[in-house]
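**Q** Protein chains in written order, with this note's numbering: chain E, 1 to 339; chain Z, 1001 to 1324. Yeah, the Cβ is synthetic: ideal placement off N, Cα and C, and Gly gets one too.
#1: Suppose the cutoff is 8 Å on Cβ atoms and the five residues either side in sequence are ignored; what does the same chain contact list for residue 103/E look like?
#2: State the start and end residues of the unbroken alpha helix (DSSP H) segment that holds residue 1061/Z.
#3: Could you tell me whether any Cβ in chain Z is nearer than 9 Å to the Cβ of residue 2/E?
#4: Which residues of chain Z have a Cβ atom closer than 8 Å to the Cβ of residue 213/E, listed in chain order?
#5: Does the distance from the C-beta atom of residue 1214/Z to that of residue 1047/Z stay below 9 Å?
#6: Beta-carbon within less than 7 Å of residue 1072/Z's beta-carbon, same chain only, minus the 5 sequence neighbours each way: which residues are those?
#7: Comparing C-alpha positions only, which one of 220/E, 205/E, 272/E, 197/E sits nearest to residue 228/E?
#8: Rounded to whole angstroms, what is the Cα-Cα separation between residue 252/E and residue 1044/Z?
#9: Touching or not, the region 89 to 100 of chain E and the region 161 to 174 of chain E, by the rule of three or more beta carbon pairs under 8 Å?
#10: For the beta strand (DSSP E) that contains residue 1015/Z, what are its first and last residues?
#11: Can you pull the chain Z residues whose beta carbon is under 7 Å from the beta carbon of residue 254/E, in chain order?
#12: Specify the secondary structure class of residue 40/E as computed by DSSP and reduced to three states.
#13: Name, going along the chain, the residues of the region 1275 to 1308 of chain Z whose beta-carbon falls closer than 9 Å to a beta-carbon of chain E.
#14: What three-state label does DSSP hand residue 989/Z in the structure shown?
#15: Under a Cβ-count criterion, where at least 16 other Cβ atoms within 10 Å of its own Cβ denotes burial, should residue 337/E be classed as buried or exposed?
#16: With a threshold of 9 Å between beta carbons, is residue 265/E in contact with chain Z?
#17: Just to confirm the assignment, what range does the beta strand (DSSP E) spanning residue 358/E have?
#18: Can you tell me whether residue 179/E is helix, strand or coil according to DSSP?
#19: Return the CA-CA distance between residue 293/E and residue 1130/Z, expressed in angstroms with no decimal places.
#20: Mind pulling the alpha helix (DSSP H) runs of 4 or more residues that sit fully within the region 1177 to 1220 of chain Z?
#21: Flag this pair as touching only if the region 1262 to 1270 of chain Z and the region 1226 to 1238 of chain Z have three or more C-beta atom pairs under 8 Å; answer yes or no.
#22: Opposite residue 28/E in the DSSP bridges: which residues?
#23: Quick check: is the beta carbon of residue 235/E nearer than 9 Å to any beta carbon in chain Z?
#24: Where do the N-terminal and C-terminal ends of the alpha helix (DSSP H) with residue 216/E fall, by residue?
#25: Do residue 126/E and residue 116/E have their C-beta atoms closer together than 9 Å?
#26: To be precise: take each residue of the region 1203 to 1234 of chain Z, compare its Cβ to all Cβ atoms of chain E, and keep it if any distance is under 7 Å. Which residues remain?
#27: Assign residue 1278/Z to one of two classes, buried (16 or more other C-beta atoms within 10 Å of its C-beta) or exposed (fewer than that).
#28: Classify residue 1022/Z as buried or exposed, calling it buried when 16 or more other Cβ atoms lie within 10 Å of its own Cβ.
#29: Could you pull the start and end residues of the alpha helix (DSSP H) that residue 1118/Z belongs to?
#30: By the DSSP assignment, the beta strand (DSSP E) with residue 92/E in it spans what residues?
#31: What in chain E is Cβ-close to residue 1052/Z, meaning under 9 Å?
#32: To which residues of the same chain is residue 1304/Z closer than 6 Å at the C-beta, ignoring the five residues directly before and after it?
#33: Can you name the start and end residues of the alpha helix (DSSP H) that residue 1088/Z belongs to?
#34: Would residue 1016/Z pass as an interface residue toward chain E - the criterion being a Cβ-Cβ separation below 9 Å?
#35: In the DSSP assignment, the beta strand (DSSP E) including residue 228/E goes from what residue to what residue?
#36: Taking the alpha-carbon positions, what's the residue 1056/Z to residue 1233/Z distance?
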């Protein structure tokens, strides 16, 4: 296992009490695999992903759990250990590469800086390495002297990937890397990412709200809801045969060009306030299958088949619930106007 | 009753800054945002205006609402040419045609309660105050928001994204419009909430036989709300047809590439290369032939020399391609 997260908790200091943004960050990243971290806004996916890079806002702090990267627990890593890991072993691709690039410096110079300062590359090897990186991500090496604003959105994301790959990391963390892109460009960037991942046997954590992006590029998927991992496993298993009702709801609600244009099935209600999360299952208030016990106990992540886990008291009945979950009426009981 | 729209040769060019040399050479530069768009909508039609960023779909929507002045061409709504509307006729049009904003989080004034936000269009339209309460109640009914206790006294920040978008819709519907333009109405919402809003829009459209235009870059979404789809590329309509037909049997090579690129939430999806080349070209450039030719995998010599006309190739299906 390249990276193993176990019970990570992250809190934000805020007026009116600490926000428990992540309460159960538990998942593994196997060597050479693409793991999709999926969930809706506010579920904690970005916070959790950023904690793996060790770069977090001043108000946020990891308050519990372990994050094993080889023999190092990243939660307790020293500055010296981070210097060795950040960029060289774990690299980050932000949602908008434009924000990560300095607008007044040429793109090539910015990659050179990473190679020189963080990588300690000798001057003679910097030029060829930049050309190699440009080529790898599908950019014209002749454009090294261009400024960030001269690149289109898709090309900027490619620059972001090139910067992240500069020092040959083992793990790439990409936060919504294609969200702002048009569908054709999105597909092209995803294809490049997949191609690079296979060629370099990279491990990737792809943070996204888009189930179809997960289906297109990921080997495994981790589903988060209200700060907790609620289900994870191989993509084909989790998307086609979800165990957690939230995953069922999410896949039902997702528009699908390959299926008949039936009514989409919404999930009523809204996620809980993470300053004061409910005692039981956090999805219970929106779940059409919730029973009394669900409101009393917070179900732990338990095995739900080979190589997969889920946190639902009724996980044993998943096959039956899955069929019921396809009916819009089942979900309509949760007041539609309460969203 | 829904509105009837007749759009002919609609064109909007935005001037761009020129260099001194360009001015001396008398070069006329403009972004050809909308470049000769023509179509008709019958009352109750629901149409998706589909395309990538920069294709002119949002500008087209704004021209239809008379929020922009066209460079050329005409828009007629219920027989009235928008360019001639003045005074009372213009006010009447502003009641009949409504825009649903993309981002519910800044579509409402944060300092106004839901009640005041909903009353504002009534005041502007000169509706008697005695009628307000009843109108507000009815519009909230339509978006299934009536049961919510003190909703009317709440401020936007106290509502969830889905609730906000319902209020925004209620506000757009409060004057009983005949025609709405919704610009990416759900793109800011989470997936689980989005489905509810799309279902609601469908229900409203059917219940009130509104004429509706949904502007979106996402065909998977357009499909749920629009019976007909217009595909735009670089300011022009390249394909027009019933949505189901456009999705299952696209005719224009651009539509085909667009559909091939849409990911689906299943693991067993095709992963072949896209039938398209290069990047979208500069919208300032005039095209002698087909504007898609340089990216088209099927392009022949004729495509770069002669612009293809948008012509009817089957009942209710139009396409602008020499090869169809």
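**A** So, from the listed chains and residues:
#1: 147, 148, 149
#2: 1057 to 1064
#3: So no, residue 2/E is outside the interface.
#4: 1263
#5: yes
#6: 1009, 1011
#7: 272/E
#8: Each residue's Cα considered, the two are about 28 Å apart.
#9: With the cut-off at 8 Å, the region 89 to 100 of chain E and the region 161 to 174 of chain E touch.
#10: Residues 1005 to 1015.
#11: 1191, 1265
#12: coil
#13: 1276, 1279, 1280: these are the residues of the region 1275 to 1308 of chain Z whose beta carbon lies less than 9 Å from some beta carbon of chain E, given in chain order.
#14: Since the first residue of chain Z shown is 1001 and the last is 1324, residue 989/Z is not available in this structure.
#15: Model confidence at residue 337/E stands at a pLDDT of 45, short of 50, so the residue's coordinates are unreliable; what they give is reported in the following sentence. Looking at its Cβ environment, which holds 16 or more other Cβ atoms inside 10 Å, residue 337/E is buried.
#16: yes
#17: Residue numbering for chain E in the displayed model covers 1 to 339; residue 358/E lies beyond these limits and cannot be assessed.
#18: In the structure shown, residue 179/E sits in coil (DSSP, three-state: anything other than H, G, I, E or B).
#19: 50 Å
#20: The qualifying runs are 1191 to 1208.
#21: no
#22: 4/E
#23: yes
#24: Taken as a continuous stretch (DSSP letters only), the alpha helix (DSSP H) holding residue 216/E covers 211 to 217.
#25: yes
#26: 1217, 1219, 1220, 1221, 1223, 1224
#27: Residue 1278/Z comes out exposed.
#28: exposed
#29: 1114 to 1124
#30: 90 to 93
#31: 182, 183, 184, 185
#32: Result list for residue 1304/Z: 1289, 1293, in chain order.
#33: Start and end: 1087 to 1096.
#34: no
#35: Start and end: 228 to 234.
#36: 8 Å
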